[in-house]
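Numbering that gives the first Met the number 0 numbers the first residue of the sequence shown as 0 and each following residue consecutively.
Please read the structure below before turning to the comments.
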Amino acid sequence: MKRTLLIVLVTIPRILFEVFTSSAAEPPAAHPGVPDPDVSADSLAVAVPSDGAVPAGESKPMTLDECMRYAVEHSPAVRRQDYTNRSYRQDYIESVAALVPSVSGTVGAST
(Lines of atoms letter the chains of each structure in order from A and count residues from 1; the text may use other names and numbers.)
(Lines give C-alpha, C1' and ligand atoms only; values in the text may rest on other atoms or scores of the structure.)
Protein backbone atom coordinates (compact mmCIF):
# COMPACT_ATOMS: atom_id res chain seq x y z
CA MET A 1 0.00 0.00 0.00
CA LYS A 2 2.88 2.35 0.79
CA ARG A 3 4.38 1.80 -2.66
CA THR A 4 1.05 2.52 -4.34
CA LEU A 5 0.61 5.75 -2.40
CA LEU A 6 4.18 6.79 -3.18
CA ILE A 7 3.68 6.11 -6.88
CA VAL A 8 0.47 8.16 -6.86
CA LEU A 9 2.12 11.03 -4.99
CA VAL A 10 5.06 11.07 -7.40
CA THR A 11 3.20 10.45 -10.65
CA ILE A 12 0.26 12.85 -10.29
CA PRO A 13 2.34 16.01 -9.72
CA ARG A 14 4.54 15.08 -12.69
CA ILE A 15 1.49 14.62 -14.91
CA LEU A 16 -0.01 17.89 -13.71
CA PHE A 17 3.29 19.68 -14.31
CA GLU A 18 3.48 18.31 -17.85
CA VAL A 19 -0.15 19.22 -18.58
CA PHE A 20 0.18 22.78 -17.31
CA THR A 21 3.52 23.44 -19.01
CA SER A 22 2.95 21.85 -22.44
CA SER A 23 1.18 23.60 -25.29
CA ALA A 24 -1.55 21.99 -27.39
CA ALA A 25 0.22 22.75 -30.71
CA GLU A 26 3.44 21.06 -29.60
CA PRO A 27 3.84 17.48 -30.85
CA PRO A 28 4.53 14.87 -28.16
CA ALA A 29 8.15 13.94 -27.55
CA ALA A 30 9.42 10.66 -28.97
CA HIS A 31 10.34 9.45 -25.48
CA PRO A 32 8.38 10.98 -22.60
CA GLY A 33 10.58 11.82 -19.65
CA VAL A 34 13.69 12.32 -21.80
CA PRO A 35 14.62 16.01 -22.11
CA ASP A 36 14.68 17.50 -25.59
CA PRO A 37 18.29 18.43 -26.47
CA ASP A 38 17.07 21.31 -28.70
CA VAL A 39 15.50 23.16 -25.75
CA SER A 40 17.76 25.72 -24.10
CA ALA A 41 17.32 27.65 -20.87
CA ASP A 42 16.82 30.85 -22.90
CA SER A 43 13.88 29.35 -24.78
CA LEU A 44 12.20 28.48 -21.48
CA ALA A 45 12.43 32.02 -20.10
CA VAL A 46 9.09 33.73 -19.52
CA ALA A 47 8.56 37.46 -19.24
CA VAL A 48 7.03 38.16 -15.82
CA PRO A 49 6.18 41.68 -14.64
CA SER A 50 8.38 42.86 -11.78
CA ASP A 51 5.37 43.27 -9.48
CA GLY A 52 4.42 39.60 -10.00
CA ALA A 53 1.02 40.46 -11.53
CA VAL A 54 -0.49 37.99 -13.95
CA PRO A 55 -2.04 39.41 -17.15
CA ALA A 56 -5.84 39.26 -17.35
CA GLY A 57 -7.18 36.00 -18.74
CA GLU A 58 -4.11 33.99 -17.77
CA SER A 59 -3.81 31.83 -14.70
CA LYS A 60 -0.78 31.90 -12.44
CA PRO A 61 1.52 28.90 -12.99
CA MET A 62 1.39 26.39 -10.17
CA THR A 63 4.47 25.68 -8.08
CA LEU A 64 5.56 22.11 -7.40
CA ASP A 65 4.16 22.33 -3.85
CA GLU A 66 0.81 23.57 -5.18
CA CYS A 67 0.73 20.76 -7.76
CA MET A 68 1.45 18.16 -5.09
CA ARG A 69 -1.16 19.64 -2.72
CA TYR A 70 -3.74 19.64 -5.54
CA ALA A 71 -2.88 16.06 -6.48
CA VAL A 72 -3.22 14.83 -2.90
CA GLU A 73 -6.50 16.71 -2.31
CA HIS A 74 -8.09 15.42 -5.53
CA SER A 75 -6.64 11.91 -5.72
CA PRO A 76 -9.32 9.21 -5.49
CA ALA A 77 -6.78 6.75 -4.08
CA VAL A 78 -5.83 9.13 -1.27
CA ARG A 79 -9.51 9.78 -0.49
CA ARG A 80 -10.23 6.04 -0.37
CA GLN A 81 -7.27 5.50 1.95
CA ASP A 82 -8.44 8.36 4.18
CA TYR A 83 -11.90 6.77 4.47
CA THR A 84 -10.31 3.39 5.19
CA ASN A 85 -8.11 4.93 7.89
CA ARG A 86 -11.15 6.60 9.48
CA SER A 87 -13.01 3.29 9.44
CA TYR A 88 -10.07 1.50 11.08
CA ARG A 89 -9.84 4.25 13.69
CA GLN A 90 -13.55 3.88 14.49
CA ASP A 91 -13.18 0.09 14.78
CA TYR A 92 -10.25 0.62 17.17
CA ILE A 93 -12.25 3.02 19.34
CA GLU A 94 -15.18 0.57 19.47
CA SER A 95 -12.93 -2.36 20.43
CA VAL A 96 -11.24 -0.35 23.21
CA ALA A 97 -14.64 0.80 24.46
CA ALA A 98 -15.75 -2.85 24.70
CA LEU A 99 -12.87 -3.55 27.11
CA VAL A 100 -13.69 -0.65 29.43
CA PRO A 101 -15.83 -1.71 32.38
CA SER A 102 -19.31 -0.28 32.45
CA VAL A 103 -21.50 0.56 35.40
CA SER A 104 -25.25 0.55 35.23
CA GLY A 105 -27.97 0.96 37.79
CA THR A 106 -31.69 1.25 38.14
CA VAL A 107 -33.88 3.04 40.58
CA GLY A 108 -37.46 2.13 41.17
CA ALA A 109 -40.21 2.99 43.56
CA SER A 110 -43.59 1.49 44.27
CA THR A 111 -46.38 2.47 46.59
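All C-beta atoms in this analysis are idealised placements derived from N, C-alpha and C, irrespective of residue type, glycine included.
All values derive from a computational prediction rather than experimental measurement.
query = What residues in its chain sit with their C-beta under 8 Å from that of Val106, if we drop five residues either side in the sequence?
reply = Translated into positions along the sequence shown, residue 106 becomes position 107. Cβ neighbours of Val106 beyond the five flanking positions: none.
Unbroken stretches of the beta strand (DSSP E), 3 residues or longer, contained in the segment 60 to 88 = Segments of the beta strand (DSSP E) lying fully in the segment 60 to 88: there are none.
request  = Give me the Cα-Cα distance between Arg79 and Glu72, rounded to the nearest whole angstrom.
outcome  = Within the sequence shown, the letter at position 80 stands for residue 79. Within the sequence shown, the letter at position 73 stands for residue 72. Rounded to the nearest angstrom, the gap between the Cα atoms of Arg79 and Glu72 is 11 Å.
query = Can you tell me whether Ile92 is buried or exposed, with buried defined as 16 or more other CB within 10 angstroms of its CB?
reply = The count along the sequence shown starts at 1 and reaches residue 92 at position 93. Burial state of Ile92 is exposed, judged by a 10 Å Cβ sphere holding fewer than 16 other Cβ atoms.
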